[in-house]
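Participant:
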Amino acid sequence: MTTWSRGACRAAEKVTKGQDVGFLPGDTARHHRAVILDLLQEALTEAGLTSQEIDCIAYTKGPGMGAPLVSVAVVARTVAQLWNKPLLGVNHCIGHIEMGRLITGATSPTVLYVSGGNTQVIAYSERRYRIFGETIDIAVGNCLDRFARVLKISNDPSPGYNIEQMAKRGKKLVELPYTVKGMDVSFSGILSFIEDAAQRMLATGECTPEDLCFSLQETVFAMLVEITERAMAHCGSQEALIVGGVGCNLRLQEMMETMCQERGARLFATDERFCIDNGAMIAQAGWEMFRAGHRTPLSDSGITQRYRTDEVEVTWRD
Amino acid sequence: MQAADAGAGGGAEGADDGADGPGSPGGAGEATAAALGRAPPVTRPRHAPRPGGDAAATAGRTGGRTYVFALCVPFPSAVEAEIACGSLAPDAEPHGGVVEKQLTVRGSVLAVRWRATNPRLLRISIISFLDQLSLVMRTMQRFGPPATR
Numbered sequence: 001m002t003t004w005s006r007g008a009c010r011a012a013e014k015v016t017k018g019q020d021v022g023f024l025p026g027d028t029a030r031h032h033r034a035v036i037l038d039l040l041q042e043a044l045t046e047a048g049l050t051s052q053e054i055d056c057i058a059y060t061k062g063p064g065m066g067a068p069l070v071s072v073a074v075v076a077r078t079v080a081q082l083w084n085k086p087l088l089g090v091n092h093c094i095g096h097i098e099m100g101r102l103i104t105g106a107t108s109p110t111v112l113y114v115s116g117g118n119t120q121v122i123a124y125s126e127r128r129y130r131i132f133g134e135t136i137d138i139a140v141g142n143c144l145d146r147f148a149r150v151l152k153i154s155n156d157p158s159p160g161y162n163i164e165q166m167a168k169r170g171k172k173l174v175e176l177p178y179t180v181k182g183m184d185v186s187f188s189g190i191l192s193f194i195e196d197a198a199q200r201m202l203a204t205g206e207c208t209p210e211d212l213c214f215s216l217q218e219t220v221f222a223m224l225v226e227i228t229e230r231a232m233a234h235c236g237s238q239e240a241l242i243v244g245g246v247g248c249n250l251r252l253q254e255m256m257e258t259m260c261q262e263r264g265a266r267l268f269a270t271d272e273r274f275c276i277d278n279g280a281m282i283a284q285a286g287w288e289m290f291r292a293g294h295r296t297p298l299s300d301s302g303i304t305q306r307y308r309t310d311e312v313e314v315t316w317r318d
Numbered sequence: 001m002q003a004a005d006a007g008a009g010g011g012a013e014g015a016d017d018g019a020d021g022p023g024s025p026g027g028a029g030e031a032t033a034a035a036l037g038r039a040p041p042v043t044r045p046r047h048a049p050r051p052g053g054d055a056a057a058t059a060g061r062t063g064g065r066t067y068v069f070a071l072c073v074p075f076p077s078a079v080e081a082e083i084a085c086g087s088l089a090p091d092a093e094p095h096g097g098v099v100e101k102q103l104t105v106r107g108s109v110l111a112v113r114w115r116a117t118n119p120r121l122l123r124i125s126i127i128s129f130l131d132q133l134s135l136v137m138r139t140m141q142r143f144g145p146p147a148t149r
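Protein chains in written order, with UniProt numbering: chain A, 1 to 318; chain B, 1 to 149.
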């Protein structure tokens with residue numbers, strides 16, 4: 001059984017290298033439209049498959065930025081119709097979860113999903129991926145990326161990676177607001193605090209950029225560990241799984257590992273091939289959905305910028 | 001496959017103001033032209049540009065006016081027109097219902113009609129649609145023809 005899907009975020013990183021802004025929807029969509037057909041051909045060739053041998057077409061229905069999502073969805077719909085194959089609209093967050101479960105073998109983990117666009121703590125219960133905790137404003141990756149811009153840290157290979165490297169050389173812990181709110185977290189306050197404080201503190205020599213990177217990581221990661229632990233305690237869970245681009249961060253993995261060990265739980269994490277957005281994760285979730293009998297009719301196949309993880313009925317798990 | 005500009009009918013009407021009666025001068029002409037596959041008569045804009053602040057003046061004046069734009073895209077067959085429609089119709093317009101877009105298939109022609117009160121958002125929607133249409137056509141050229149049903 002074969003599925004074919006698309007994800008173009010690794011390629012989209014190439015769009016932002018050298019700029020000091022985040023992903024711009026128009027540019028990203030333009031990029032996707034320029035490369036998608038070659039990518040599709042390449043995938044078929046590399047897999048050694050013809051279109052007849054494909055079982056279904058999985059694509060990202062949402063959440064995400066409108067124009068890039070549409071650019072991919074129209075191609076998915078077109079080939080699904082050309083080849084007369086069923087279509088599966090996949091939730092991006094569920095793509096991360098299903099790929100994490102597949103790669104790590106975790107059976108029923110509490111999931112910490114952390115990226116530039118999302119920050120959620122998720123656990124499976126009765127046919128839904130329930131959101132136990134989340135950010136009430138911006139995603140943790142967004143906070144890190146915007147902080148990197150303030151300090152003019154390079155986007156190459158990614159702002160988060162460069163913050164991580166600089167943090168290793170930090171020596172001083174600067175006190176930052178710690179904003180856990182029950183099961184949820186908030187990052188915009190920390191971001192505005194550190195945006196104001198950074199220029200002042202660097203000018204007076206009170207701390208170095210490395211100290212700020214270190215302090216920001218320690219603070220936001222501790223917050224994430226806390227809300228994950230809270231969810232694990234609530235569910236009686238013995239497994240934790242980190243997914244999403246920020247999950248590549250080794251310091252976050254280390255802090256989560258410490259918390260898991262203290263609870264006698266097991267931590268699962270993936271490397272950057274699977275943490276970061278990728279097409280295979282959409283295919284994996286799509287395949288689970290297809291196997292369980294899901295189909296997305298064309299009329300229902302519109303993309304949606306907001307698409308909560310718990311909106312999907314997870315019929316492929318007990 | 002014909003390019004969208006070869007033999008396709010389409011054009012921008014001036015403001016379609018209900019208070020004027022049956023509609024702007026370009027209205028009937030546009031529909032006929034589209035049916036014949038010819039470019040419609042160009043309608044003169046209702047107000048001439050002024051130095052400084054024309055965009056703001058225009059914006060101030062458009063309250064209540066409805067702009068209409070229509071496009072006819074020929075395909076080699078009805079099947080391909082239906083496929084294009086199936087690919088391009090499902091996604092909702094952004095910005096709530098400010099711009100309305102309707103796609104229909106008549107024979108082997110995909111007919112698209114827009115209505116909007118905001119000319120800037122209308123223009124953005126049209127440009128965006130043309131980008132996605134072009135992508136759909138390239139996909140069909142590269143991965144078609146349609147498999148037999």
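Beta carbons: idealized from backbone N, C-alpha and C, even for Gly.
Determine the direct distance from the alpha carbon of B/ALA78 to that of B/ALA147, and round the result to whole angstroms.
Facilitator: Mapped onto the second sequence, residue 147 of chain B falls at position 147. Mapped onto the second sequence, residue 78 of chain B falls at position 78. Between B/ALA147 and B/ALA78, the C-alpha separation is close to 14 Å.
Participant: Give the secondary structure of A/THR3 by DSSP, where H, G and I count as helix, E and B as strand, and everything else as coil.
Facilitator: Mapped onto the first sequence, residue 3 of chain A falls at position 3. Residue placement at A/THR3 cannot be trusted, given a pLDDT of 49 that sits under 50; the coordinates are not used to answer.
Participant: Taking the straight line between their C-alpha atoms, what separation do you get for B/SER128 and A/THR296?
Facilitator: Taking the first residue of the second sequence as position 1, residue 128 of chain B is located at position 128. Taking the first residue of the first sequence as position 1, residue 296 of chain A is located at position 296. Taking the straight line joining both Cα atoms gives about 24 Å.
Participant: Can you tell me the Cβ-Cβ gap for A/VAL90 and A/ALA58, rounded? I've got them flagged as a contact below 8 Å.
Facilitator: Position 90 of the first sequence, counted from the first residue, corresponds to residue 90 of chain A. Position 58 of the first sequence, counted from the first residue, corresponds to residue 58 of chain A. Yes, A/VAL90 and A/ALA58 are in contact; Cβ-Cβ is about 5 Å, under 8 Å.
Participant: Answer yes or no: does any C-beta atom of chain B fall closer than 9 Å to that of A/ARG295?
Facilitator: In the first sequence, the residue the question calls residue 295 of chain A occupies position 295. Output row for A/ARG295: interface = no.
Participant: Only counting runs of 3 or more residues, tell me where the beta strand (DSSP E) segments fall wholly within the stretch 61-99 of chain A, in order along the chain.
Facilitator: The qualifying runs are 87-91.
Participant: For the stretch 46-71 of chain A, enumerate the residues whose C-beta is nearer than 9 Å to any C-beta of chain B, in chain order.
Facilitator: Those residues of the stretch 46-71 of chain A that come within reach of chain B (Cβ to Cβ, closer than 9 Å) are SER51, GLN52, GLY66, ALA67, LEU69, VAL70 and SER71.
Participant: So who's on the other strand from A/GLY133, going by DSSP bridges?
Facilitator: Translated into the one-based positions of the first sequence, residue 133 of chain A becomes position 133. Its beta-bridge partners are A/VAL121.
Participant: Do B/SER125 and B/ALA111 have their beta-carbon atoms positioned less than 9 Å apart in this structure?
Facilitator: The residue you call residue 111 of chain B lines up with position 111 of the second sequence. The residue you call residue 125 of chain B lines up with position 125 of the second sequence. Result no, Cβ atoms of B/ALA111 and B/SER125 do not sit closer than 9 Å.
Participant: Count the other C-beta atoms from every protein chain shown that fall within 10 angstroms of the C-beta of A/TYR178, then say buried if there are 16 or more, exposed otherwise.
Facilitator: Counting from 1 along the first sequence, the entry for residue 178 of chain A is found at position 178. Exposed.
Participant: Between which two residues does the beta strand (DSSP E) harbouring B/PRO74 extend?
Facilitator: The residue labelled residue 74 of chain B in the question sits at position 74 within the second sequence. Element bounds for B/PRO74: 67-74.
Participant: Our contact map puts A/GLN305 next to A/GLY95 with C-beta atoms below 8 Å; I'd like the distance itself, whole angstroms only.
Facilitator: If you number the first sequence from 1, residue 305 of chain A lands on position 305. If you number the first sequence from 1, residue 95 of chain A lands on position 95. The Cβ separation is near 16 Å, so there is no contact.
Participant: As a quick exercise: from A/GLU272, A/GLY141 and A/THR78, pick the residue whose alpha carbon is nearest that of A/PRO86.
Facilitator: Locating residue 86 of chain A in the first sequence gives position 86, where the first residue counts as 1. That would be A/THR78, whose Cα lies nearest to the Cα of A/PRO86.
Participant: Please state if the CB of A/LEU144 and the CB of A/ILE163 are separated by a distance shorter than 9 Å.
Facilitator: The sequence position of residue 163 of chain A within the first sequence is 163, counting from 1. The sequence position of residue 144 of chain A within the first sequence is 144, counting from 1. Yes, the Cβ-Cβ distance between A/ILE163 and A/LEU144 is below 9 Å.
Participant: Using 8 Å as the Cβ pair cut-off and three pairs as the minimum, do the stretch 264-277 of chain A and the stretch 102-109 of chain A touch?
Facilitator: With a cut-off of 8 Å, the stretch 102-109 of chain A and the stretch 264-277 of chain A count as touching, because enough Cβ pairs lie within range.
Participant: Got a sec? Which residues, its chain only, sit under 8 Å from B/GLU93 by beta carbon, not counting five neighbours each side?
Facilitator: Counting from one through the second sequence, the residue named residue 93 of chain B turns up at place 93. VAL99, GLU100, LYS101 and SER125.
Participant: For B/ILE124, which of helix, strand or coil comes out of DSSP?
Facilitator: Along the second sequence, one-based indexing puts residue 124 of chain B at 124. DSSP places B/ILE124 in helix when its eight states are reduced to three.
Participant: Which residue comes first and which comes last in the beta strand (DSSP E) that contains A/ARG127?
Facilitator: Mapped onto the first sequence, residue 127 of chain A falls at position 127. Run containing A/ARG127: none; DSSP gives neither H nor E here.
Participant: Quick check on B/THR139: buried or exposed, where buried means 16 or more other Cβ atoms within 10 Å of its Cβ?
Facilitator: As a position in the second sequence, residue 139 of chain B is number 139, starting the count at 1. So B/THR139 ends up on the buried side.
Participant: Strictly under 9 Å for the Cβ-Cβ distance: is A/GLY117 near chain B by that measure?
Facilitator: Walking along the first sequence from the start, residue 117 of chain A turns up at place 117. It does not: the Cβ of A/GLY117 has no partner Cβ on chain B nearer than 9 Å.
Participant: Under 7 Å Cβ-Cβ, which residues of chain B neighbour A/THR78?
Facilitator: For the purposes of this step, residue 78 of chain A is identified with residue 78 of the first sequence, where counting begins at 1. Near A/THR78 (Cβ distances below 7 Å), the residues of chain B are ILE83, SER87, VAL136, THR139 and MET140.
Participant: Since I believe A/GLN120 is in contact with A/THR309 (beta carbons under 8 Å), could you give me their beta-carbon distance rounded to a whole number of angstroms?
Facilitator: Against the first sequence, residue 309 of chain A aligns to sequence position 309. Against the first sequence, residue 120 of chain A aligns to sequence position 120. Sure, about 6 Å apart at Cβ, within 8 Å.
Participant: Note down, in chain order, each residue of its chain lying with its Cβ closer than 6 Å to the Cβ of A/GLU313, except the 5 sequence neighbours on either side.
Facilitator: In the first sequence, the residue the question calls residue 313 of chain A occupies position 313. Answer for A/GLU313: ARG127, listed in chain order.
Participant: Any idea if B/LEU36 is buried or exposed, counting beta-carbon neighbours within 10 angstroms, 16 or more meaning buried?
Facilitator: For the purposes of this step, residue 36 of chain B is identified with residue 36 of the second sequence, where counting begins at 1. Caution applies to B/LEU36, whose pLDDT of 45 falls short of 50 and renders its modelled position unreliable; the value that the coordinates give is listed next. So B/LEU36 ends up on the exposed side.
Participant: With a threshold of 8 Å, are at least 3 pairs of Cβ atoms found where one atom belongs to the stretch 178-189 of chain A and the other to the stretch 130-139 of chain A?
Facilitator: Counting Cβ pairs under 8 Å, three or more are found: they touch.
Participant: Considering only residues of the same chain and omitting the five flanking positions on each side of A/ARG169, which have a CB-CB separation below 7 Å?
Facilitator: In the first sequence, counting from the first residue as 1, residue 169 of chain A sits at position 169. The answer, listed in chain order, is GLU210.
Participant: Use the C-beta contact count for A/ASN84: other C-beta atoms within 10 angstroms, 16 or more gives buried, fewer gives exposed.
Facilitator: For this step, residue 84 of chain A is matched to residue 84 along the first sequence. It is exposed - the Cβ of A/ASN84 has fewer than 16 other Cβ atoms within 10 Å.
Participant: Starting from the Cα of A/GLY244, find the closest Cα among A/GLY133, A/LEU151 and A/GLU272 and give me that residue.
Facilitator: Counted from its first residue, the first sequence places residue 244 of chain A at position 244. Out of A/GLY133, A/LEU151 and A/GLU272, A/GLU272 has the C-alpha closest to the C-alpha of A/GLY244.
Participant: Taking DSSP as the reference, what is the three-state secondary structure of B/VAL112?
Facilitator: As a first step, residue 112 of chain B must be located in the second sequence, where it is residue number 112. Correct three-state label for B/VAL112: strand.
Participant: Let me see if you follow: with CB-CB separation under 9 Å, is B/PRO145 close to chain A or not?
Facilitator: Residue 145 of chain B sits at position 145 when you count from the first residue of the second sequence. Judged by the 9 Å Cβ criterion, B/PRO145 is in contact with chain A.
Participant: Given this structure, state the Cα-to-Cα distance separating A/GLY116 from B/ASP91, to the nearest angstrom.
Facilitator: Taking the first residue of the first sequence as position 1, residue 116 of chain A is located at position 116. Taking the first residue of the second sequence as position 1, residue 91 of chain B is located at position 91. Roughly 24 Å separates the two Cα atoms.
Participant: In three-state DSSP terms, what is A/THR104?
Facilitator: The residue labelled residue 104 of chain A in the question sits at position 104 within the first sequence. Of the three classes helix, strand and coil, the one that applies to A/THR104 here is helix, per DSSP.
Participant: Suppose you measure from the CA of A/VAL246 to the CA of A/ALA240; what does that come to, to the nearest Å?
Facilitator: Position 246 of the first sequence holds residue 246 of chain A. Position 240 of the first sequence holds residue 240 of chain A. So the alpha carbons of these two residues sit roughly 15 Å apart.
Participant: If we cut at 9 Å on Cβ distances, does A/TYR307 have a partner in chain B?
Facilitator: As a working note, residue 307 of chain A is residue 307 in the first sequence. No, its Cβ sits nowhere closer than 9 Å to a Cβ of chain B.
Participant: Helix, strand or coil: how does DSSP classify B/THR117 here?
Facilitator: If you number the second sequence from 1, residue 117 of chain B lands on position 117. Of the three classes helix, strand and coil, the one that applies to B/THR117 here is coil, per DSSP.
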